[in-house]
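What follows is one structure encoded as structure tokens, with my remarks underneath.
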Amino acid sequence: MGIESVVSVNQKLQPYDFALSYKDVDFLTKSPIKFIEGNFANYMWGGYHLYAMKGMSYNKDTPVAAESWEVSGHKKYPSCILMPDGRIFTLKDLLKDRQLAESILGEAVVEHFGQNLPILVKFIDVHQHMSVHLHPSHKVAKALGEDDPGKEEIFIVIDLHEDAESVLYLGLKEKVNRRDFVAAIKREENILDLLHKIHVAPGDIFHIPSGVLHCWTGGSIAIEIAESSDLTYRMYDFLRQRQMHIEKGLASINYKCNQGGVLKKQCKGKWETKLAKGLDSIATRNALRVERIRAGLNSNPVKICNRDAFEVLMGIEGAIEIVSLKGDWLVHLHKGSSILIPAKAGDYLVRGIDQVEKNRALRISMKIPEREGK
113 MGIESVVSVN QKLQPYDFAL SYKDVDFLTK SPIKFIEGNF ANYMWGGYHL
163 YAMKGMSYNK DTPVAAESWE VSGHKKYPSC ILMPDGRIFT LKDLLKDRQL
213 AESILGEAVV EHFGQNLPIL VKFIDVHQHM SVHLHPSHKV AKALGEDDPG
263 KEEIFIVIDL HEDAESVLYL GLKEKVNRRD FVAAIKREEN ILDLLHKIHV
313 APGDIFHIPS GVLHCWTGGS IAIEIAESSD LTYRMYDFLR QRQMHIEKGL
363 ASINYKCNQG GVLKKQCKGK WETKLAKGLD SIATRNALRV ERIRAGLNSN
413 PVKICNRDAF EVLMGIEGAI EIVSLKGDWL VHLHKGSSIL IPAKAGDYLV
463 RGIDQVEKNR ALRISMKIPE REGK
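Here is the structure:
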């Protein structure tokens with residue numbers, strides 16, 4: 113399918129009172145779902161690397177793309193699906209149908225996490241500094257009367273801009289206390305001076321806990337994985353005229369967490385090969401499950417067993433072929449593209465197809481509490 117503009121997509125979006133045929137339901141539940149590309153958040157700190165990574169054309173008048181909301185049920189930038197007959201629906205609207213939601217997400221997922229996609233995955237291009245910000249915990253977000261829940265995040269750095277510093281500021285420096293931080297905020301100082309500085313490299317993994325201040329400087333291209341929430345409290349924005357959230361942010365900072373190098377060590381993640389051959393995982397502290405599929409060009413295919421729950425696959429290196437064990441569907445995934453595999457789509461094999469040494473993809477899903485205890 114060709115790339116469609118946001119305007120053309122919005123013109124074709126169908127209202128929620130849609131009617132789906134049996135063929136439509138099969139299309140949405142028995143094979144991977146591809147979404148219309150270009151679901152970009154055009155924040156001022158973005159650049160053009162996401163267009164290039166996705167093979168999309170751009171010029172000097174094209175809006176910058178800070179984030180690509182790859183698979184999203186969030187109302188702000190919901191993923192859109194092109195049906196075979198040309199109609200376009202948002203994922204959020206389709207999941208309002210309980211039976212369809214159970215077939216796409218999985219019955220256990222709907223039971224535990226509700227009738228919408230519980231995760232939000234993005235590619236991000238940090239061309240200029242983000243703001244210094246944080247995300248509240250679920251408890252704090254609820255106490256503050258927010259519609260969105262709190263969240264933690266996982267960032268995986270996949271590339272760096274040339275000649276850029278590429279830094280993550282994470283948490284307060286050692287011995288910086290609440291009084292020091294509040295005083296700096298009141299004086300409108302550059303609070304980066306109070307945060308711990310980490311130089312990043314491709315392949316780095318960071319868990320960002322709720323209540324922890326952080327800021328990515330210009331130079332990183334990364335994947336962001338989180339619960340489905342856009343709740344962010346901006347504390348310092350380098351004199352850019354954007355809305356700030358000082359009071360809510362001050363109420364959300366976790367001053368009890370570790371600081372400095374200790375916090376860095378606590379938040380730095382790594383891949384662990386504890387699963388089947390060609391499948392690694394990250395230890396996560398919440399309900400997110402994040403795995404990496406490694407499929408060499410000439411190696412045996414990696415077999416993936418569906419857990420009767422949805423899975424998101426994101427291409428991060430090279431290209432892979434994904435084929436149903438039953439032989440009833442086949443899709444290709446390259447760096448910069450993503451798909452959602454419905455709960456009813458069955459088991460599948462992954463093969464590397466690019467002429468490179470490494471063909472890799474992320475596999476993202478949810479831990480089901482009852483199942484994890486067995």
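Okay, so the sequence shown: first residue is 113 according to our numbering, each after it adds one. Beta carbons are placed, not taken as given, at the ideal position from N, Cα and C, and that holds for glycine. The structure displayed is predicted, hence computed values, not measured ones.
(request) Report the rounded CA-to-CA distance for residue 370 versus residue 327, giving the unit in angstroms. (result) Taking the first residue of the sequence shown as position 1, residue 370 is located at position 258. Taking the first residue of the sequence shown as position 1, residue 327 is located at position 215. Each residue's alpha carbon lies about 17 Å from the other.
(message) Counting only C-beta atoms, is residue 447 closer than 7 Å to chain C at any point?
(response) Although the question refers to chain C, the structure presented lacks it and comprises just one protein chain.
(request) Report the rounded CA-to-CA distance for residue 244 versus residue 447, giving the unit in angstroms. (result) What you label residue 244 is simply residue 132 of the sequence shown in a count that begins at 1. What you label residue 447 is simply residue 335 of the sequence shown in a count that begins at 1. The alpha-carbon atoms of residue 244 and residue 447 are separated by roughly 29 Å.
(request) Identify every residue that forms a DSSP beta bridge with residue 136. (result) By one-based count along the sequence shown, residue 136 stands at place 24. Under DSSP, residue 136 shares a beta bridge with no residue.
(message) So the candidates are 427, 144 and 337; which of them puts its Cα closest to the Cα of residue 396?
(response) Within the sequence shown, residue 396 is the residue found at index 284, counting from 1. Ranking the options by Cα distance to residue 396, first place goes to 337.
(message) Restricting to Cα atoms, I'd like to know which of 449, 183, 467 and 465 is closest to residue 163.
(response) Within the sequence shown, the letter at position 51 stands for residue 163. Among 449, 183, 467 and 465, the Cα nearest to that of residue 163 is on 449.
(request) Flag this pair as yes or no: are the beta carbons of residue 388 and residue 471 separated by less than 7 Å? (result) Taking the first residue of the sequence shown as position 1, residue 388 is located at position 276. Taking the first residue of the sequence shown as position 1, residue 471 is located at position 359. Annotated as distal: residue 388 and residue 471, with beta-carbon spacing of 7 Å or more.
(message) Three Cβ pairs or more, each shorter than 8 Å: is that satisfied between the segment 238–256 and the segment 347–356?
(response) Note that the segment 238–256 touches the segment 347–356; at least 3 beta-carbon pairs, one per stretch, sit closer than 8 Å.
(request) Assign residue 202 to one of three DSSP states: helix, strand, or coil. (result) The sequence position of residue 202 within the sequence shown is 90, counting from 1. If DSSP states are grouped into helix, strand and coil, residue 202 belongs with the strands.
(message) Which residue wins for smallest C-alpha separation from residue 136, given the options 198, 378, 335 and 160?
(response) Mapped onto the sequence shown, residue 136 falls at position 24. Measuring from the Cα of residue 136, the nearest candidate turns out to be 198.
(request) Helix, strand or coil for residue 417, going by three-state DSSP, please let me know. (result) Taking the first residue of the sequence shown as 1, we reach residue 417 at position 305. Coil at residue 417, not helix or strand.
(request) Rounded to whole angstroms, what's the CA-CA distance from residue 454 to residue 376? Just pull it up for me. (result) Here residue 454 is taken as the residue at index 342 of the sequence shown, counted from 1. Here residue 376 is taken as the residue at index 264 of the sequence shown, counted from 1. So the two alpha carbons sit approximately 36 Å from each other.
(request) Buried or exposed for residue 281, please, with buried defined as at least 16 other CB atoms from any protein chain shown within 10 angstroms of its CB. (result) For the purposes of this step, residue 281 is taken as the residue at position 169 of the sequence shown. Looking at its Cβ environment, which holds 16 or more other Cβ atoms inside 10 Å, residue 281 is buried.
(message) Buried or exposed, going by whether 16 or more other CB atoms sit within 10 Å of the CB of residue 474?
(response) As a working note, residue 474 is residue 362 in the sequence shown. Buried, since its Cβ has 16 or more Cβ neighbours within 10 Å.
(message) Across the segment 214–227 and the segment 168–183, are there enough close Cβ pairs to call them in contact, namely three or more that are closer than 8 Å?
(response) Pairwise C-beta distances place the segment 214–227 out of contact with the segment 168–183, as fewer than three of them are shorter than 8 Å.
(request) May I have the straight-line CA-CA distance separating residue 476 from residue 299, to the nearest angstrom? (result) If you number the sequence shown from 1, residue 476 lands on position 364. If you number the sequence shown from 1, residue 299 lands on position 187. Cα to Cα, the separation comes out at about 42 Å.
(request) Go through its chain and collect everything with a Cβ distance to residue 306's Cβ below 8 Å, but skip five positions before and after it. (result) Along the sequence shown, read from residue 1 onward, the residue named residue 306 stands at position 194. Result list for residue 306: 284, 285, 288, 292, 293 and 296, in chain order.
(request) State the DSSP-derived secondary structure class of residue 267, mapped to helix, strand or coil. (result) On the sequence shown, residue 267 is found 155 positions in, with the first residue counted as 1. Of the three classes helix, strand and coil, the one that applies to residue 267 here is strand, per DSSP.
(request) Kindly list the residues whose CB is nearer than 7 Å to the CB of residue 452, restricted to its own chain and excluding five residues on each side of it in sequence; keep chain order. (result) Position 340 of the sequence shown, counting from 1, holds the residue named residue 452. The residues are 144, 145, 183, 422 and 424.
(request) Using only alpha-carbon positions, find the residue among 445, 463, 238 and 366 that is nearest to residue 251. (result) For the purposes of this step, residue 251 is taken as residue 139 along the sequence shown, with counting starting at 1. Nearest Cα to residue 251 within the set 445, 463, 238 and 366: 366.
(message) With a threshold of 8 Å, are at least 3 pairs of Cβ atoms found where one atom belongs to the segment 262–276 and the other to the segment 310–319?
(response) Yes, the segment 262–276 is in contact with the segment 310–319.
(request) State yes or no: is the C-beta of residue 460 within less than 7 Å of the C-beta of residue 416? (result) Working through the sequence shown from its first residue, we reach residue 460 at position 348. Working through the sequence shown from its first residue, we reach residue 416 at position 304. Contact flag set, yes.
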